[in-house]
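Here is the structure we will look at.
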Amino acid sequence: TTEIYTLSLHDALPIWVYCPKRVPFELPKVIDNVLQTLHSICIHKKITISNKCKCNSPDNCTVFGEKFLIEDMLLNIVKNAVEASVDGSVVEVTSYVLSDYSYISVTNSGIIDEKVSRKIFTKYFSYGKEHGTGLGTYSARLIAKSHGGDISFSVSSENKTIFLITLPLPSNDKDANVAECHDKNVK
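Residues 68 to 254 in the working numbering are what the sequence shown lists, from first letter to last.
Okay, here's the thing in structure tokens:
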């Protein structure tokens with residue numbers, strides 16, 4: 068069952084914190100769905116998406132969480148990379164596993180301005196989009212964090228922007244994970 072908890076912050080209005088269901092799904096299939104969704108915008112901008120899965124086996128790229136939320140998170144990040152890319156360039160999506168985490172890196176040419184980088188995960192902050200809501204990277208990070216992961220970004224020496232999504236691999240003790248989510252969110 069899905070559990071929702073209420074927090075109170077300095078006697079402000081309640082804040083609802085969501086603990087996702089821990090359902091297994093294959094990450095490469097979700098990435099493929101995201102790329103299919105973005106197919107028409109990629110054709111319009113002549114963007115090529117390089118999709119590399121560096122998992123040894125399908126079991127090695129199994130993530131636990133809510134598939135539709137993870138897909139929405141990825142869609143926001145990959146769509147931003149496509150929209151920020153120069154026509155005719157390449158966006159790289161690479162998934163791999165190290166230790167106890169699955170990683171998805173999304174790389175595009177170009178760099179994020181320093182002023183923008185300070186606010187990139189801020190609610191309602193939008194840059195370079197006429198009708199942007201400012202909720203894309205904000206909600207993507209919330210989704211990653213609610214699943215026990217995170218999103219960060221960096222700029223490479225080759226003038227590329229790299230968003231790195233980190234998601235924990237399944238634990239043997241699912242009940243402990245639900246309790247851990249509850250403990251983190253209720254304090």
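All C-beta atoms in this analysis are idealised placements derived from N, C-alpha and C, irrespective of residue type, glycine included.
Please read these numbers as outputs of a predicted model, since none were measured by experiment.
> What does DSSP give as the partner residues of CYS120 in its beta bridges?
Replying inline: For this step, residue 120 is matched to residue 53 along the sequence shown. For CYS120, which the question treats as bridged, DSSP gives the partners SER162.
>> Here's the rule: buried if 16 or more other CB atoms are within 10 angstroms of the residue's CB, otherwise exposed. What is ASN143?
In response: The residue you call residue 143 lines up with position 76 of the sequence shown. ASN143 should be labelled buried.
>> Quick check on this structure: which residue in ILE171, GLU225, PHE230 and HIS214 has the alpha carbon closest to the alpha carbon of THR204?
In response: What you label residue 204 is simply residue 137 of the sequence shown in a count that begins at 1. Nearest of ILE171, GLU225, PHE230 and HIS214 to THR204, Cα basis: PHE230.
>> Excluding the 5 residues flanking LYS146 on each side, which residues of the same chain have their C-beta closer than 7 Å to its C-beta?
In response: Taking the first residue of the sequence shown as position 1, residue 146 is located at position 79. Contacts found: LEU105.
>> For VAL157 and THR115, what's the separation of their Cα atoms in angstroms?
In response: Start at 1 with the first residue of the sequence shown, and residue 157 comes out as number 90. Start at 1 with the first residue of the sequence shown, and residue 115 comes out as number 48. Taking the straight line from one Cα to the other gives about 5 Å.
> DSSP state of ASN226, grouped into three classes?
Replying inline: Within the sequence shown, residue 226 is the residue found at index 159, counting from 1. Coil at ASN226, not helix or strand.
> Where do the ends of the alpha helix (DSSP H) carrying SER107 lie?
Replying inline: Taking the sequence shown and counting its residues from 1, one reaches residue 107 at position 40. Note, SER107: alpha helix (DSSP H), 106 to 112.
>> Is it buried or exposed, LEU234, if we count other Cβ atoms within 10 angstroms and call 16 or more buried?
In response: Counting from 1 along the sequence shown, the entry for residue 234 is found at position 167. Buried, since its Cβ has 16 or more Cβ neighbours within 10 Å.
> Which class does ILE218 belong to by DSSP, given the choice of helix, strand or coil?
Replying inline: Mapped onto the sequence shown, residue 218 falls at position 151. ILE218 falls in the strand class under three-state DSSP.
> Can you round the beta-carbon distance between THR161 and LYS121 to whole angstroms, since I take them to be within the 8 Å contact cut?
Replying inline: By one-based count along the sequence shown, residue 161 stands at place 94. By one-based count along the sequence shown, residue 121 stands at place 54. With a Cβ gap of about 7 Å, THR161 and LYS121 count as contacting.
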